[in-house]
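Line by line, the protein sequences give chains A and B. In case it helps, our numbering puts the first sequence at residues 1 to 114. In case it helps, our numbering puts the second sequence at residues 1001 to 1114. The beta carbon of each residue, even a glycine, is placed where N, CA and C say it ideally should be. If you're wondering where the values come from, they're calculated on a predicted model, not measured in any experiment. First the structure, in the form of structure tokens, and then the observations on it.
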Amino acid sequence: DQQVKQNSPSLSVQEGRISILNCDYTNSMFDYFLWYKKYPAEGPTFLISISSIKDKNEDGRFTVFLNKSAKHLSLHIVPSQPGDSAVYFCAALKGRHTGNQFYFGTGTSLTVIP
Amino acid sequence: EAGVTQSPTHLIKTRGQQATLRCSPISGHTSVYWYQQALGLGLQFLLWYDEGEERNRGNFPPRFSGRQFPNYSSELNVNALELEDSALYLCASSLAVSSYNEQFFGPGTRLTVL
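Right under this line is the structure:
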């Protein structure tokens, strides 16, 4: 049962434009969300997170938006750069002391075209 | 500071054999997590160890097991290997479980079962 879904396996964007990566979840108990970035032959690295008490978190070129009513979050990258080309995973966590279990999506492969 | 390390990088086994994968967390991290990433799937949570004890396990059969040593390094053992166990196995570590600390991932072990 995939509780975190990334329905777009791939996305191509021109350099300088906005990249929007989407993620949907089914469990309303999730209260913390993260985005990870993965290059080939490397493990995922943490990018940005958001608590369920917020609807937006910004860090430089990266902004995560959370729509709790729609159970949807998105990652915006502006402006996109060729070095952003990677696989992006969203992850969700429920409860601080309920096993610290992260639920990951299947990933979206972003290609930024120079 | 050294990141999470995993060994071996690649492992080839035949069906029915046992595989042992190893992980060394970042210094100071007490929690270790194991994930399986099979082809076309997201990261599936396997096991979580903290302070030497198994705290949570994902929806995997008992032939997936592991342990955490006093120095917080960890082993993942997979017994009676099946073809569908072929996957990338990722280890991650984090600080104490009492906060929403992001997980830091190793580069993974690619297990191939023939």
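For residue i and residue j, I'd like the C-alpha separation in whole angstroms.
i: A:HIS76; j: A:GLU58; result: 9 Å
i: B:ASN1056; j: B:CYS1091; result: 15 Å
i: A:SER49; j: B:LEU1011; result: 33 Å
i: A:ALA92; j: A:THR108; result: 16 Å
i: B:GLN1036; j: A:ASN7; result: 20 Å
i: B:SER1074; j: A:HIS72; result: 35 Å
i: A:PHE104; j: A:SER19; result: 20 Å
i: A:ILE60; j: A:PRO79; result: The sequence given here has Gly at residue 60 of chain A, not Ile. So the alpha carbons of these two residues sit roughly 10 Å apart.
i: B:PHE1104; j: B:CYS1023; result: 12 Å
i: B:GLY1117; j: B:GLY1028; result: Here chain B covers residues 1001 to 1114 and nothing more, so residue 1117 of chain B does not appear.
i: B:ARG1015; j: A:VAL13; result: 42 Å
i: A:PHE33; j: B:LEU1046; result: 19 Å
i: B:ILE1026; j: B:TYR1072; result: 9 Å
i: A:LYS37; j: B:LEU1095; result: 20 Å
i: A:PHE46; j: A:TYR88; result: 10 Å
i: B:GLY1058; j: A:ASP84; result: 31 Å
i: B:THR1112; j: B:LYS1013; result: 6 Å
i: A:ALA70; j: B:TRP1048; result: 30 Å
i: B:VAL1004; j: A:TYR39; result: 16 Å
i: A:LYS5; j: B:ALA1080; result: 31 Å
i: B:LEU1114; j: B:GLU1082; result: 8 Å
i: B:GLY1042; j: B:PRO1070; result: 30 Å
i: A:VAL112; j: A:LEU21; result: 13 Å
Given that a residue counts as buried once 16 or more other Cβ atoms are within 10 Å of its Cβ, and exposed if not, what is residue i?
i: B:GLN1018; result: exposed
i: A:PRO44; result: buried
i: B:VAL1085; result: Per the sequence shown, residue 1085 of chain B should be read as Asp rather than Val. So B:ASP1085 counts as buried.
i: A:THR106; result: buried
i: A:ASP55; result: exposed
i: A:PHE30; result: buried
i: B:GLY1108; result: buried
i: A:GLY16; result: exposed
i: A:ALA86; result: buried
i: A:SER51; result: exposed
i: B:GLN1006; result: buried
Taking C-beta pairs closer than 8 Å, name the residues in chain B that residue i reaches, listed in chain order.
i: A:GLY107; result: GLY1042
i: A:PHE89; result: GLY1042, LEU1043
i: A:GLN101; result: PHE1045, TRP1048, ASN1056, GLY1058
Could you tell me which chain A residues have their CB closer than 9 Å to the CB of residue i, listed as they occur along the chain?
i: B:PHE1105; result: TYR36, LYS38, GLU42, GLY43, PRO44, THR45, PHE46
i: B:VAL1004; result: GLY43
Below 7 Å, is the gap between the Cβ of residue i and the nearest heavy atom of the ligand HEM?
i: B:GLN1017; result: The ligand HEM is absent from the structure shown, which contains no ligand whatsoever.
Strictly below 7 Å CB to CB, what residues from chain B border residue i?
i: A:PHE104; result: GLY1042, LEU1043
For a contact defined as C-beta to C-beta under 7 Å, what are the partners of residue i on chain A?
i: B:GLU1102; result: LEU34, PHE46, SER49
i: B:GLY1108; result: GLY43
Subject >> Against chain A: residues of the segment 1027 to 1049 of chain B by CB proximity under 8 Å >> reply: SER1031, TYR1033, TYR1035, GLY1040, LEU1041, GLY1042, LEU1043, GLN1044, PHE1045, TRP1048
Original post:
If you measure beta-carbon to beta-carbon, which residues of the segment 39 to 52 of chain A are closer than 8 Å to chain B?
Top reply: ALA41, GLU42, GLY43, PRO44, THR45, PHE46, SER49, SER51
Subject >> Contained beta strand (DSSP E) runs [length at least 3] in the segment 31 to 106 of chain A, N- to C-terminal order >> reply: 32 to 38, 45 to 51, 56 to 59, 62 to 67, 72 to 77, 86 to 93, 102 to 104
Subject >> Contacting positions in the segment 1080 to 1093 of chain B - beta carbon closer than 9 Å to chain A >> reply: LEU1090, CYS1091, ALA1092
**OP:** Quick one: which residues of the segment 58 to 79 of chain A get their C-beta closer than 8 Å to a C-beta of chain B? List them in chain order.
**Re:** none
**OP:** Using a Cβ-Cβ cut-off of less than 7 Å, list which residues of the segment 1059 to 1081 of chain B approach chain A; keep chain order.
**Re:** none
Original post:
Could you give the uninterrupted runs of the beta strand (DSSP E) lying entirely in the segment 1051 to 1095 of chain B, keeping only those of 3 residues or more?
Top reply: 1053 to 1057, 1064 to 1068, 1074 to 1078, 1087 to 1094
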